[in-house]
Structures are given as C-alpha cells and as structure tokens.
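Protein chains in written order, with this note's numbering: chain L, 22 to 256; chain V, 1256 to 1524.
For glycine and all other residues, C-beta sits at the position ideal for the given N, C-alpha and C.
Encoded as structure tokens, the structure appears first; notes follow it.
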Amino acid sequence: MPNPLMPNQDNLPVKLKGVGDSLWVTFDATRPVDELKDALNKPFERLKQLAVNARIILDSGNEAPDGRLIEELGGYLKEQFHVGVVTGPPPKPRPEVSHKRTEDLGNAWHSHNSEALIIAGRVRSGQKLQADKHLIIMGDLNPGAEAIAGGDIIVLGTLMGTAVAGQPDNEDAIIVALDFRPTQIQIGGLAAAGSTGIGGSGKAPEFAKIDNNKIVVMDYIAANPFKRFAWPEVR
Amino acid sequence: MEGKVVVVTSGKGGVGKTTVTASLGAALALQGKRVAVVDMDIGLRNLDVIMGLENRIVFNVVDVVQGRCKLKQAMIKDRRINNLYLIPASQSDEKNVIQPENMKWLCNRLKKEFDFTLLDCPAGIEQGFKNSIEAADEAIVVCMPEISSVRDADRVIGLLYSRSITPKLVVNRIIPKMVERGDMLSHKDVVEVLSIDLIGLVEMDESVVVSSNTGLPIVMQKESKAGKAFMQIAMRMNGHPDLPVEDPMAPKSFWKKLGGKISRKNKVH
C-alpha cells in the first residue's frame, strides 16, 4: 500500500540524494527544461545554505547523457543557488559480457606456460632425450639416439634415430622432421619400423600420425595437417 | 713443454684403431717427434704384433702401474724408427687391473718425456675405454664407412664430449669404387652424421694387411696410399692443421673428370 504521506517518487521529474561529498540529482530528460528548472527549485530552496558550493552531479539516467541539457541546468543551479562544480554522471562500469564459448575465442597462448622442451644440437647414438610434453630438437637425431615425448616430437633437422611420441597413450601426437628417416617411430601404443640407411633423402619435410589405427607418414607441406583449425590452438 | 696424450678410439672393434695408432706413431716419429704408443687393450694385446715388436716384450703397462718394473724397462724402442717407443699391454690380466688414477699418473710421466703419447683404446665403452680417455688431451675417432661403425663412433663421440674432449675423425678403409657404385657410405655421409672435424681419409689398401703381418710400418712403404694418408694425418696433428684433406673420390685426371660428367648426364636422362 502506498504511503499517503510520501508522494510517489517515481513520477517526480527531479530526485535528489546525497552521495559521498556530492549531491546526486536524477532528472527525467524527457520533460521540458522549464519544468525541470521548476522542479529543481523546490528541493534546492529547502537546502538553502547547504547548496552553496556543493558538488552537483546531474544524471539523466541515460547511457549517453545530453551534455547541453546538463550544462543548461547546471548554469541555472549555479545562478540561482550558487552551487559549486556541476558535472555529468561518471561513466558506468561496463557489465561483463559472458561468452558461452570463451575458450574458442580466447587467446589461450597469452597465459600459457610452455611445456615444450626445446633442445639445440646433435643428439648422438646412446643419448636419450625425454620430455613430459612436446619435444623440439633444433638439430639432428642420429641413428641409435632416442627421443621420447608425452606429446609431439618436432625435429628441425634430420630424424635418423628412434622417436617415441604421445607417451603413454596420446594418439593425437605427431612426429615431424625436415628430413624424415627414422630407424623406428612410435605414437601412443603403435610402432612402425623405418629405414636403416644413412645419406640424405632430399625429400620434403614429412610427418607421422595415427590414421585408422595405423601410423602413416605424409608430406607435411602437402598434407598441412592443421590447416582446418578455425582458430590457433594451444597444443 | 709438455707433450700431448692422444687416445685413438672407435667404439666398434675391427675398424683399424691399432693400425691407425701404429701408423700415426711411426709417422710422427719419422717427422722428428718423440713418440710413445701405449697398448691399452689389456688381455687382447695387438699393437706389439702390428709394430713387429712382440718378441721383445719383457714388462708391460700393468707391471709399470703395479710397480713391478720401472717405466723405462717397459718401453720397447723401435729399431727402425728413432724416438718411437711401445709400452705393450698385458695379455694375461683383465682391464680392471688398471684404474683411471693409474692412467693419470702414467700419462703425466709420459708427457714429460714424449711429444706425443698415443693410447690404443680397446673396443667398447667399458673400463678399458674409461681408463684410456681419463688422461687424454685429445682424441682421434676411427670410423669405417659403414652404418654400425658410424653408430658406435657416434656413441663414443658423445662420451668424449661429455668429458670435454673434442675428437677428430679418421674415416678408414674407404673403397672408392664401392662408394661410386652406391654400395658404401661416402665419407661425406659419415662426416654429416658425426659432425666433427675430419683429420684424414684413408683408402682401403692391401699393403696394410702385408704390413700388419710383417710388422713393417705402412708409413715406410712409399707406394702405399694408406701410408701417405697417415703421414698427412700426422702432419695435421703436428703443427699443420690446415693441410687439406685429400678426397679419395675426386677424379684425378681430366679424362676421369670428363668421364664422370658423361656418366652423370646419362644417369639423369
């Protein structure tokens, strides 16, 4: 039940309340200027001395405040009631817009700590490299050397030794080499025998992956395995 | 000035370590250096036979290390080449009778007397290898143009690097005709995989077999291609590091070059 002693606040063209060290004046921007000035008189006359030099915030309630209207009403208040600074409302903080699929659009690589082990140099026979996730070798992996990774193995050089990727059970892992001549490769639980020769093949870069429960080797540039990704993904 | 201790090693057996050690020892001595060659293959000594000194062995390296004789007593002087001495291995002991610290002591003494001390390392990477590399300043890795030899050489190179020894490579027993036919790895393939400095290429040479059986150093046989190659390697070790390595594959005459070009052309079409 509405209180008969309090007029209905919703219908007033001007409302006033104290916020911090300022007076926050909310007005209905759809009303004519004269009516607003009139409506301002009533509360400010009541304030009397309190209004002198007071900081006033004029808020039309709209997202884009009308600067001219605020200026005019501000000028009126300064003239009539000797108020201090008159400003528009401070910009409201933008509400968080939640995306349903943020992980697709998010730049995950910004906050990603690298889990790749990057090694430069030649890995010789009898040497064994192990990485929890991806392993990148900037150099050659010689016959008799072993590279073992939880994720992918990328050899920026000649792969002649044994490469074991996707351990223990990551069947999406791949093995890439600029010159792909491994003794043996393994991905997840599958193994494939390679060649045993030495000497440049002169072939294009190749990669191995699991396809239909078999390890297949393809030309990396021609197959371009990640070209269909809509967005760069952290691997 | 102290001399250098150079270990000759390969990982794999039968690639020519002992022949390389004997030949380089003789070549360096012929070039006026004081040289000691030490057979580290305890239990399976060969260097004495290759050098034709087996009938003069009284004491050996184990006797020296265990204090049964003086160092001088175990050194056998080569009668044909001045300033070349052999310290033979024991044929009846095992590799672990010598420990790395014994080798340090021995090599420190040899360094004071000789410009070069060449250690003939046994095959493998166990105690005998560990003893041999313990006191070495430099290493020569001998490799045949063959996949198994390359793999073992690669392993040994890794172990040498891990002990801060930078090895140099000798590719031994190259048969140019087989390489041409594509039946043998070329030295370029070997160098590409091992990627260390090449110090010499030695062709397969029948006179090496004769020399091993007769005990006459191959470097003293003027006609021998292998002997010439070893002399050149010795010069590279002995203050001429920039002496170019002769490619046994390079066609030697104008007609051969022309022939090579024609046969290559034919292959393309």
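Within this structure, are the beta carbons of L/VAL35 and L/LEU57 separated by less than 8 Å? yes
V/ILE1297 CB to nearest chain L CB: under 8 Å? no
Secondary structure of V/GLU1478, DSSP reduced to three states: coil
Under 7 Å Cβ-Cβ, which residues of chain L neighbour V/SER1450? What V/SER1450 touches in chain L: ARG143.
Less than 7 Å between the CB of L/ASP49 and some heavy atom of the ligand SAM, yes or no? Of ligands this structure carries none, so the ligand SAM is not represented either.
Could you confirm whether any beta carbon from chain L is found closer than 8 Å to the beta carbon of V/ILE1402? yes
Give every residue of the same chain whose Cβ lies closer than 6 Å to the Cβ of V/MET1399, excluding the five residues on either side of it in the sequence, and list them in chain order. VAL1270, ASN1427, ARG1428
Spatial neighbours of L/ASP80 within its chain, please: C-beta separation below 6 Å, excluding the five flanking residues on both sides. THR47, PRO110
For a contact meaning CB atoms closer than 8 Å, what does V/GLY1413 contact in chain L? ARG145, SER146, GLY147, GLN148
For my contact list, V/LEU1339 and V/ASP1333 are in at a C-beta cut-off of 8 Å; report their separation, rounded to the angstrom. 4 Å
Using 10 angstroms around the beta-carbon of L/ILE242, count the other beta-carbons present and answer buried if the total reaches 16, otherwise exposed. exposed
Measuring CB to CB, does L/GLN205 end up less than 8 Å from L/THR183? yes
Might you give, ordered along the chain, the residues of its own chain that have their beta carbon closer than 7 Å to the beta carbon of V/GLN1382, omitting 5 neighbours on each side? LYS1350, ASN1351
Taking C-beta pairs closer than 7 Å, name the residues in chain V that L/GLY187 reaches, listed in chain order. None at all; the shortest Cβ gap to chain V is about 26 Å.
Measuring alpha carbon to alpha carbon, tell me which residue in L/LYS224, L/GLY95, L/ALA166 is nearest V/VAL1411. L/ALA166
Counting only runs of 3+ residues fully inside the segment 37–123 of chain L, write out the beta strand (DSSP E) ranges in chain order. 43–48, 76–80
V/VAL1262 in three-state terms, based on DSSP: Assigned with DSSP and collapsed to three states, V/VAL1262 falls in strand.
For chain L, check one thing: does any of its Cβ atoms lie closer than 8 Å to the Cβ of V/ARG1406? yes
Give a yes or no on whether the minimum CB-CB distance between L/GLY223 and chain V is below 8 Å. no
The segment 173–207 of chain L: which residues have C-beta closer than 9 Å to a C-beta of chain V, in chain order? THR179, MET181
Beta-carbon proximity check, V/LEU1302 vs V/THR1264, cutoff 8 Å: no
Could you check the C-alpha separation between V/VAL1523 and L/PHE201 for me, to the nearest Å? Confidence at V/VAL1523 is low in this model, with a pLDDT of 42, below 50, so its placement is unreliable and the value that follows should be read with caution. Roughly 25 Å between the two C-alpha positions.
Note down, one range per segment and in chain order, each alpha helix (DSSP H) of at least 4 residues found wholly within the segment 1385–1422 of chain V. 1402–1417
Enumerate in chain order the residues of its own chain whose CB-to-CB distance from L/MET22 is below 6 Å, with the five nearest sequence positions on each side excluded. Because the pLDDT at L/MET22 is just 49, under 50, the model does not fix this residue reliably, and the point stays unresolved.
Quick one: is V/VAL1313 buried, meaning 16 or more other Cβ sit within 10 Å of its Cβ, or exposed? It counts as exposed.
Just how far apart, CA to CA, sit V/LYS1423 and V/ILE1451? So the two alpha carbons sit approximately 6 Å from each other.
For the segment 1439–1492 of chain V, list the beta strand (DSSP E) runs that are entirely contained and at least 3 residues long, ordered along the chain. 1452–1458
Pull out every residue of the segment 150–174 of chain L whose Cβ sits closer than 7 Å to any Cβ of chain V, in chain order. ASN163, PRO164, GLY165
What residue range is occupied by the uninterrupted alpha helix (DSSP H) comprising V/GLU1368? Boundaries of the alpha helix (DSSP H) around V/GLU1368: 1355–1368.
Using a 10 Å radius around the Cβ and a threshold of 16 neighbouring Cβ atoms, would you call V/MET1256 buried or exposed? Flag for V/MET1256 reads exposed.
Any idea if L/GLY223 is buried or exposed, counting beta-carbon neighbours within 10 angstroms, 16 or more meaning buried? exposed
Does any C-beta atom of chain L lie closer than 8 Å to the C-beta of V/ASP1409? yes
Quick one: does V/VAL1523 have its CB under 8 Å from some CB of chain L? Only weak support exists for where V/VAL1523 lies, its pLDDT of 42 falling under 50; the value from the coordinates is given anyway. For V/VAL1523, not one C-beta of chain L is nearer than 8 Å to its own C-beta.
Which partner residues of V/TYR1243 appear in the DSSP bridge assignment? One cannot answer for residue 1243 of chain V here, as it falls past the ends of chain V, which runs 1256 to 1524.
Starting from the Cα of L/ALA75, find the closest Cα among L/ASN134, L/ASN234, L/HIS103 and give me that residue. Among L/ASN134, L/ASN234, L/HIS103, the Cα nearest to that of L/ALA75 belongs to L/HIS103.
Report the three-state DSSP secondary structure of L/TYR241 (helix, strand or coil). In the displayed model, L/TYR241 falls within a helix according to three-state DSSP.
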